[in-house]
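Q:
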Amino acid sequence: MALIELCEPAQPKAAARFGVKNLLYATDFSATSEAALPYATAICRRFGATLHVVHIISDAALIMMTGGVDYVSMGTLYDDANIEATKKLEQLTARFADITHKTHIGHGAVWANLADVIETNAIDLIIVGTHGRTGLGKLLLGSVAEDILRHASCPVLTVGPKVAGHDKLPDYVNHKRDLAPSELDLRQILFATNFAQNAASIAQTAVSLAEEFEAQLTVMHVIEDYAQLGSRPDPIDQRVRRIKDLIPKNAALQYPPASVLEFGAASDRILKVAADREADLIILGARPAAEAGSSHLPWSTAHAVIAQAPCPVLTLRG
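All residue numbers for the sequence shown refer to the numbering used here, where the first residue is 83 and numbers rise by one.
(1) Leaving out five residues on either side along the sequence, give the residues of the same chain with a beta carbon under 6 Å from the beta carbon of T397.
(2) Return the chain-ordered list of same chain residues with a C-beta closer than 6 Å to the C-beta of G130, the five sequence neighbours on each side being excluded.
(3) Sort out for me which residues DSSP pairs V241 with in a bridge.
(4) If the criterion is Cβ atoms closer than 9 Å, does the pair A167 and F111 meet it?
(5) Taking Y308 as the reference, which of G346, L299 and Y337 has the closest Cα?
(6) Consult DSSP for L174 and reduce its assignment to one of helix, strand or coil.
(7) Keeping to the same chain, check which residues put their C-beta closer than 8 Å to that of A285; ignore five residues upstream and five downstream.
(8) When the Cα atoms are used, what is the spatial distance from P392 to I271?
(9) With DSSP run on the structure shown, which of helix, strand or coil describes S112?
(10) Does DSSP put V395 in a helix, in a strand, or in coil?
(11) Just to confirm, is the Cβ distance from L343 to V322 under 9 Å?
(12) Just verifying my parser: in three-state terms, what is the DSSP assignment at Q298?
(13) Sorted by chain position, which residues of the same chain lie with C-beta nearer than 8 Å to A204's C-beta, five sequence neighbours on each side aside?
(14) Between which two residues does the alpha helix (DSSP H) containing K354 stretch?
(15) Does the Cβ of G190 have 16 or more other Cβ atoms within 10 Å, making it buried, or fewer, making it exposed?
(16) Taking the beta strand (DSSP E) that V342 falls in, what are its first and last residues?
(17) Quick one, are the C-beta atoms of V226 and I125 less than 9 Å apart?
(18) Please name the residue, chosen from P339, L207 and T123, that lies closest to R177 on a Cα-to-Cα basis.
(19) In whole angstroms, what separates the C-alpha of A234 from that of P120?
(20) Do you know how far the Cα of L231 is from the Cα of S290?
(21) Three-state secondary structure (DSSP) at K326?
(22) From Y107 to Q320, what distance separates their C-alpha atoms?
(23) Whole angstroms is fine: what's the gap from V210's alpha carbon to V304's?
(24) Count the other CB atoms within 10 Å of the CB of R179; is the residue buried (16 or more) or exposed (fewer)?
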């Protein structure tokens, strides 16, 4: 479908600034988790944040690895798993150099352990790697990522299997044992909204990030049910105005923000615009569909975008 785009001049500087003090990086030491690591370290260097590296040893994981054990054996298995996890965390953190960091090893239910670390350490951003396998008609992100996205109240940055941002982290690519450089390059930020109640506050986060990185900000909305629009053109004008109104009047952006209205399936259009604009970050306001009354993007839409996005996705809940 056709794309409608309007650009506005930048306004005076917004008051709020994006910042991170305590960042949680959840890892199971897989390639999926490793893909998120350069973003975690780059953000910590950028904002001077403390990096909390968390690994959870779950009963289910141990049983799957061993094929089933009795209760007498579980203690020994946990001890062995703890020793192995400690060794891997030491190898990982030895690469952090100038990054302030703490390590955490938990035992048992994954989310219960993560929630404790989040509360105890005032975590204000979580980073996790995801996979995008397809099964039974549903995109699967991985159990840890699912738990985090469904329960975390703070922003969550997900790095999926189709993220193409490593070319913007050259030190990580050219020297496999090194981490990302201190400067994370965000040139194009895409904020997709369906005008939820707190869309304005999420827009403020998007603006703040665009200001911090001197990036081009695009705010988009997708109309999925557009069969009657030909006879009722007013909703189009109204939604274009609502997109423009989300940009704070006192925003001081390096480039004029772009307003985009698309028609079709929300996840497809968001991914298409992200690819066309070579987005470095997608920002979504989303909640699981199970949360009744939510006016955010449906969980299925956020789910599909996160699993298939060509760049990291920052999800904020209301």
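Heads up, the beta-carbon is just placed ideally off N, CA and C, and yes, glycines get one too.
Since we're looking at a predicted model, the values are computed, not measured.
A: The short version:
(1) Along the sequence shown, read from residue 1 onward, the residue named residue 397 stands at position 315. Answer for T397: V238, L366 and A368, listed in chain order.
(2) Here residue 130 corresponds to residue number 48 of the sequence shown, with the count starting at 1. Hits under 6 Å: none found.
(3) Reading the sequence shown from its first residue, position 159 is the one you call residue 241. Its beta-bridge partners are G211.
(4) Residue mapping note: residue 167 aligns to position 85 of the sequence shown, counting from 1. Residue mapping note: residue 111 aligns to position 29 of the sequence shown, counting from 1. Contact flag set, yes.
(5) In the sequence shown, counting from the first residue as 1, residue 308 sits at position 226. Per the Cα distances, G346.
(6) Start at 1 with the first residue of the sequence shown, and residue 174 comes out as number 92. It is helical.
(7) Residue 285 sits at position 203 when you count from the first residue of the sequence shown. Hits under 8 Å: F273, T275, V301, L328, I329 and P330.
(8) As a first step, residue 392 is located in the sequence shown; it is residue number 310 there, counting from the start. As a first step, residue 271 is located in the sequence shown; it is residue number 189 there, counting from the start. Roughly 12 Å separates the two Cα atoms.
(9) Position 30 of the sequence shown holds residue 112. If DSSP states are grouped into helix, strand and coil, S112 belongs with coil.
(10) As a first step, residue 395 is located in the sequence shown; it is residue number 313 there, counting from the start. Strand at V395.
(11) As a position in the sequence shown, residue 343 is number 261, starting the count at 1. As a position in the sequence shown, residue 322 is number 240, starting the count at 1. Contact: yes.
(12) Working through the sequence shown from its first residue, we reach residue 298 at position 216. Residue state, collapsed to three classes: strand.
(13) The count along the sequence shown starts at 1 and reaches residue 204 at position 122. Excluding sequence neighbours, A204 sits near K103 and N104.
(14) Counting from one through the sequence shown, the residue named residue 354 turns up at place 272. It spans A348 to D358 - the alpha helix (DSSP H) in which K354 sits, taken as one unbroken run.
(15) In the sequence shown, residue 190 corresponds to position 108, counting from 1. So G190 ends up on the exposed side.
(16) Here residue 342 refers to the residue found at position 260 of the sequence shown. Note, V342: beta strand (DSSP E), A340 to F345.
(17) In the sequence shown, residue 226 corresponds to position 144, counting from 1. In the sequence shown, residue 125 corresponds to position 43, counting from 1. Not in contact: V226 and I125 (Cβ atoms no closer than 9 Å).
(18) Residue 177 sits at position 95 when you count from the first residue of the sequence shown. Looking at P339, L207 and T123, the one whose alpha-carbon comes closest to that of R177 is T123.
(19) Here the question's residue 234 lines up with position 152 in the sequence shown. Here the question's residue 120 lines up with position 38 in the sequence shown. The straight-line gap from Cα to Cα measures roughly 22 Å.
(20) Here residue 290 is taken as the residue at index 208 of the sequence shown, counted from 1. Here residue 231 is taken as the residue at index 149 of the sequence shown, counted from 1. Distance between the alpha carbons of S290 and L231: 22 Å.
(21) Here residue 326 is taken as the residue at index 244 of the sequence shown, counted from 1. If DSSP states are grouped into helix, strand and coil, K326 belongs with the helices.
(22) Here residue 107 refers to the residue found at position 25 of the sequence shown. Here residue 320 refers to the residue found at position 238 of the sequence shown. Y107 and Q320: Cα-Cα distance of roughly 41 Å.
(23) One-based indexing of the sequence shown puts residue 210 at position 128. One-based indexing of the sequence shown puts residue 304 at position 222. Rounded to whole angstroms, V210 to V304 spans 27 Å at the Cα level.
(24) For the purposes of this step, residue 179 is taken as the residue at position 97 of the sequence shown. Sequence check: residue 179 is Ala here, not Arg. Counting other Cβ atoms within 10 Å of its Cβ, A179 stays below 16 and is therefore classed as exposed.
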